[in-house]
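Before any comments, here is the structure.
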Amino acid sequence: MAAETGTPTTLTLKSNDDELFSVAESAAILSVTIRNMVEDGCAGGVIPLDNVDGKTLASVITYMNGISAIPADEEKKKSYRDKFLSDKDFETLADMVLAANYLNMSCLMDAVSAKIAQVMEKKSVGWVRRKFGIENDYTPEEEAAVKEEHKWTFEGVETDDDN
Amino acid sequence: MERTEEHTRRRSIDRLSDLPDAILCHILSFLPTQKSISTSVLARRWRYLWAYVPTLDFRHENQEIIERVMILHKVQTISTFRLFHYSDCSNYRLETWITFAIARNVQKLQLLFHLTKSALPRCLFTCKTLVDLRLNYFGIIPMSCPVCLPRLKILHLICVQYEADEALPRLLASCPVLEELEIESCMDSFSSKISSPTIKRLTLSFPAPDRSNNCYTLEINTPALVYLRLVAGVHDHIKSGALTSLIEADIHFYKVHKQRGFDRFRYVPEFINRLCSVKFLKLNLAYYKKNCFSHLYFQFMFSIM
Chain A
1 MAAETGTPTT LTLKSNDDEL FSVAESAAIL SVTIRNMVED GCAGGVIPLD
51 NVDGKTLASV ITYMNGISAI PADEEKKKSY RDKFLSDKDF ETLADMVLAA
101 NYLNMSCLMD AVSAKIAQVM EKKSVGWVRR KFGIENDYTP EEEAAVKEEH
151 KWTFEGVETD DDN
Chain B
1 MERTEEHTRR RSIDRLSDLP DAILCHILSF LPTQKSISTS VLARRWRYLW
51 AYVPTLDFRH ENQEIIERVM ILHKVQTIST FRLFHYSDCS NYRLETWITF
101 AIARNVQKLQ LLFHLTKSAL PRCLFTCKTL VDLRLNYFGI IPMSCPVCLP
151 RLKILHLICV QYEADEALPR LLASCPVLEE LEIESCMDSF SSKISSPTIK
201 RLTLSFPAPD RSNNCYTLEI NTPALVYLRL VAGVHDHIKS GALTSLIEAD
251 IHFYKVHKQR GFDRFRYVPE FINRLCSVKF LKLNLAYYKK NCFSHLYFQF
301 MFSIM
């Protein structure tokens, strides 16, 4: 790492749709994937991130810069994360969880997973299948049996059978 | 343009369904257990996924269901075990549930009961894996059993009972890495000491609008404290040692009606003088009579300067 020189190091990240982004190394190494590349000396040129598109990467970099600017105060970091995710739709959250997983960023992963769970909590089975792209491969008899087995879990949940 | 956007949306959703089980379990771990189990109906892949979720979060399920879920659950290390239970249950049952969590190396344990005033199982106080323990409205902090919580960082004791005044200091002395302590007392009287070289965040709440004759006595010795929130009556006796690391304080003193004699409240300005290092101070003396209030307010301004 070039930290010894005293000047902030900037990294260039490349999304899978060939967009380039500059980001301070100190913020980028929130990603363990990027930190490992930096430590292995692979970060000299452009760091290709094959599993993240430009739109999502821009968002992740906004998060990296925002959270790394907050000093060690877990309450303030939490409120930044809540605000950051508050206006994101489900598809964006889906992209973010995939990116956080690929980039190995546990704090973002936890925050996005919690947000997805919060959205899922009150939704019907049909809604969750559509949003997660889940194909129902149960036979009607099997599905009825599973529902019967865990009947108590469906109390108070909205029903929609347009799946 | 719209088609491209729709295509992108479709693609991210399809990729979401390709997520490994471990990540899906991670997402499910933020749901109450009831909701997590209900995902078994989504598709065959999801049928037993809930049993590998590292969190158990019960919200008022009946005892039969809780025990059935415990038997079917496959995880050997439970990160969070949360049990909110409104109906009464026997000591024996409660002990079984807590022992179950401890045997699975629970890290975060949160228990909320409303009717049970029962002892806590002894094994809880020697749990080596526990990092975060929150007890709400039940449980007795013991004097007679061994206590050793080597990893405990967060401890919330909301309206618990204490076997003796010494039970709390004894518990704190057995938590060598404790960083956050929250205590709310609902007892008629409370006299204790909070002493810890490691606590950084401390929240103390002694709300009791009905109590006018009894008071709480507390000595605080927490030199590493960074954040303090205190809600207490002006007639309580709360003393503190040096708080030189304190950055943020949120202090509420209330006055119980019909009390007289300002000399009884002398500890309040003394306590406020301890806050001289704070950068952010919220001071609420809302129930003070005006003439008392102005005196204390002057002290506070002086301290900040």
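Residue numbers (UniProt numbering), protein chains in the order written: chain A, 1 to 163; chain B, 1 to 305.
Positions of the beta carbon are idealized from the N, C-alpha and C atoms, including for glycine.
Practice item. State the CB to CB distance for the pair N136 of chain B and L112 of chain B, rounded to an integer number of angstroms; the pair is presumed to be in contact (CB under 8 Å). Key: 4 Å
Since D116 of chain A meets chain B, which of its residues come closer than 7 Å, beta carbon to beta carbon? Looking at the sequence itself, residue 116 of chain A is Ile, so the reference to Asp does not match. By Cβ distance, chain B contributes I27.
Query raised in the report: By Cβ distance, which residues of its chain are closer than 8 Å to D50 of chain A, with the 5 residues on each side in sequence left out?
Result: N16
Q. Residue range of the alpha helix (DSSP H) that T33 of chain B falls in?
A. 33-38
Put G261 of chain B into one of helix, strand or coil per three-state DSSP.
The predicted position of G261 of chain B is uncertain, since its pLDDT is 47 and thus under 50; a value taken from the coordinates is nonetheless stated next. Correct three-state label for G261 of chain B: coil.
Practice problem: Give me the Cα-Cα distance between Y227 of chain B and L202 of chain B, rounded to the nearest whole angstrom. | Solution: 6 Å
| Mind checking M301 of chain B: buried by the 16 CB within 10 Å criterion, or exposed? | For M301 of chain B, the predicted model reports a pLDDT of 41, less than 50, meaning its position is unreliable and no value from the coordinates is stated.
Under 8 Å, Cβ to Cβ, is there at least one residue of chain B near S68 of chain A?
no
**Message:** Under 8 Å: do the stretch 131-141 of chain A and the stretch 56-70 of chain A share three or more Cβ pairs, one atom per stretch?
**Reply:** no
ask   = How long is the line joining the alpha carbons of M143 of chain B and K153 of chain B, rounded to whole angstroms?
value = 21 Å
Taking beta-carbon pairs under 8 Å, can you tell me which members of the stretch 213-236 of chain B lie near chain A? none
CA-CA distance, I199 of chain B and K74 of chain B? 36 Å
Next on the checklist: Please identify, using Cβ separations under 9 Å, the residues of the stretch 37-49 of chain B that lie next to chain A, in order along the chain.
Outcome noted: I37, S38, T39, S40, V41, L42, A43, R44, R45, W46, R47
Short CB-CB distance (under 8 Å) between L16 of chain B and chain A:
yes
Open item on the list: Mapping the DSSP letters down to three states, classify I134 of chain A as helix, strand or coil.
Closed with: coil
| query | Using a beta-carbon distance below 8 Å, is F280 of chain B in contact with chain A? | reply | no
_Segment limits, alpha helix (DSSP H) that includes P146 of chain B_ = Counting along the chain, P146 of chain B falls outside any alpha helix (DSSP H), and DSSP gives it neither H nor E.
- Could you check the C-alpha separation between S17 of chain B and H252 of chain B for me, to the nearest Å? 50 Å
*Mark M1 of chain A as exposed unless 16 or more other C-beta atoms lie within 10 angstroms of its C-beta, in which case mark it buried.*
Unreliable positioning characterises M1 of chain A in this predicted model, as indicated by a pLDDT of 47, which lies under 50. A coordinate reading is not provided.
**Prompt:** For L13 of chain A, which three-state DSSP category applies?
**Reply:** strand
With distances taken between CB atoms, is the gap from F58 of chain B to L83 of chain B smaller than 8 Å? yes
So, for L120 of chain B: in the same chain, excluding its five sequence neighbours on each side, which residues have a beta-carbon less than 6 Å away from its beta-carbon? G139
Rounded to a whole number of angstroms, what is the C-alpha to C-alpha distance between T9 of chain A and R35 of chain A?
13 Å
Please state the DSSP three-state secondary structure of residue 172 of chain A.
With chain A represented from 1 up to 163, any question about residue 172 of chain A goes unanswered, as that position is not in the structure.
Contact set between the stretch 126-143 of chain A and chain B, restricted to residues whose Cβ is under 7 Å from the partner | V128, R129, K131, F132, G133, I134, E135, N136, D137, Y138, E143
Touching or not, the stretch 69-87 of chain A and the stretch 138-149 of chain A, by the rule of three or more beta carbon pairs under 8 Å?
no
Exercise for the section: Whole angstroms is fine: what's the gap from P20 of chain B's alpha carbon to C89 of chain B's? Expected result: 39 Å
In angstroms, rounded to a whole number, what distance separates the CA positions of Y86 of chain B and D82 of chain A? 30 Å
Exercise. For the candidate residues A:L85, A:A117, A:E91, A:E142, whose alpha-carbon lies nearest to that of L108 of chain A?
Worked result: A:L85
Q | Closest Cα partner of I102 of chain B within the set B:R93, B:K128, B:S118 | A | B:K128
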